[in-house]
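Residue numbers (full-length UniProt numbering): 1 to 108. Glycine included, each C-beta is placed from N, C-alpha and C at the ideal position.
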């Protein structure tokens, strides 16, 4: 079990996408609420801050799907291709290990 946990994707890396989507939904709700109230607005500075926070959440961990998309769009013999393949493979293995750890936890 310790081996599986050590190989798994760190728990804090699991929340980036979810947090980004939550922040996007909050921004959407805020913009929709302002749209319903005449004379209300959001400043460019507030909007930039919200977008920056959302971007930070999404960039915490690149989803495996995006890594696979990048790999498929890259020419085979391009420099860095092997490093990107290794990075993607490691990420997938970490996800599998995290899933195995979750399965073990629920089986106990």
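- In the displayed model, residue 42 falls within coil according to three-state DSSP, outside both helix and strand.
- One alpha carbon belongs to residue 102, the other to residue 46, and they sit about 38 Å apart.
- By the neighbour-count criterion, in which a residue is buried when 16 or more other Cβ atoms sit within 10 angstroms of its Cβ, residue 67 is buried.
- Residue 37 sits in coil when the DSSP states are folded into three classes, being neither helix nor strand.
- In the three-state DSSP reduction, residue 15 falls in the coil class, being neither helix nor strand.
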